[in-house]
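Numbering (my numbering), first residue to last: 433 to 546. Input: a single structure, listed below in structure tokens.
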């Protein structure tokens, strides 16, 4: 278990008596090898769940997320790990590519239980 995740779990258990994970409201997949150009990688949005933080921030199917806050996203696993260590209620900034254009989106993570 990565130390930052263990610390977050311990802090949440002490503070709340439970572990609460953040939620974006998307399903992601890895970028196909044929789509990787010039080292550009990322996680491809497969599904945006209605009434989720991602839906409210107007993420779209096919968006390629390549940065979560200041952390690089190279694969779908990366974004899942970044969300796991970010508390619900925290504002995050995603950098993404949509139809060849780069953009930034800010949104507030919800609790996975909401």
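Note that CB positions come from ideal geometry on N, CA and C, so glycine has one too.
Point to revise | Beta-carbon contacts of residue 511 that lie in its chain and below 7 Å, excluding the five residues immediately before and after | key: Position 79 of the chain shown, counting from 1, holds the residue named residue 511. Cβ neighbours of residue 511 beyond the five flanking positions: 460, 475, 497, 500, 505.
Practice item. Can you check DSSP and say which residues form a bridge with residue 462? Key: The residue labelled residue 462 in the question sits at position 30 within the chain shown. In DSSP, residue 462 forms a bridge with 475.
Exercise for review: May I ask you to list the residues that DSSP assigns as paired with residue 533?
Suggested key: On the chain shown, residue 533 is found 101 positions in, with the first residue counted as 1. In DSSP, residue 533 forms a bridge with 530.
Review point. Is residue 515 closer than 8 Å to residue 457 when the C-beta atoms are compared?
Key: Your numbering for residue 457 matches position 25 in the chain shown. Your numbering for residue 515 matches position 83 in the chain shown. Cβ distance not < 8 Å, so residue 457 and residue 515 don't count as in contact.
Practice item. Starting from the Cα of residue 534, find the closest Cα among 524, 542, 495 and give me that residue. Key: Here residue 534 refers to the residue found at position 102 when the chain shown is read from its first residue. The shortest Cα separation from residue 534 among 524, 542, 495 belongs to 495.
Practice item. Quick one: give me the first and last residue of the alpha helix (DSSP H) that residue 512 is part of. Key: The sequence position of residue 512 within the chain shown is 80, counting from 1. It spans 508-516 - the alpha helix (DSSP H) in which residue 512 sits, taken as one unbroken run.
Review point. So, is residue 486 buried or exposed, given that buried needs 16 or more other C-beta atoms within 10 angstroms?
Key: Here residue 486 is taken as the residue at index 54 of the chain shown, counted from 1. Buried: at least 16 other Cβ atoms inside 10 Å.
**Study point:** Burial state of residue 451 (16 or more Cβ within 10 Å)
**Key:** Residue 451 sits at position 19 when you count from the first residue of the chain shown. The residue is exposed, with fewer than 16 neighbouring Cβ atoms inside 10 Å.
Review point. Using CA coordinates, which residue listed in 544, 491, 507 is at the minimum distance from residue 462?
Key: For the purposes of this step, residue 462 is taken as the residue at position 30 of the chain shown. Nearest option by C-alpha distance: 507.
Review point. Are there 16 or more other CB atoms within 10 angstroms of the CB of residue 518, so buried, or fewer, so exposed?
Key: Within the chain shown, numbered from 1, the residue matching residue 518 stands at position 86. Residue 518 is buried by the Cβ-count criterion.
Point to revise | Proximity below 8 Å, CB of residue 509 to CB of residue 493 | key: Taking the first residue of the chain shown as 1, we reach residue 509 at position 77. Taking the first residue of the chain shown as 1, we reach residue 493 at position 61. It is not a contact, given that the beta carbons lie outside the stated cut-off.
Practice item. Would you list the one or two residues that DSSP bridges to residue 540? Key: As a working note, residue 540 is residue 108 in the chain shown. When beta bridges are read from the DSSP output, residue 540 appears opposite 523.
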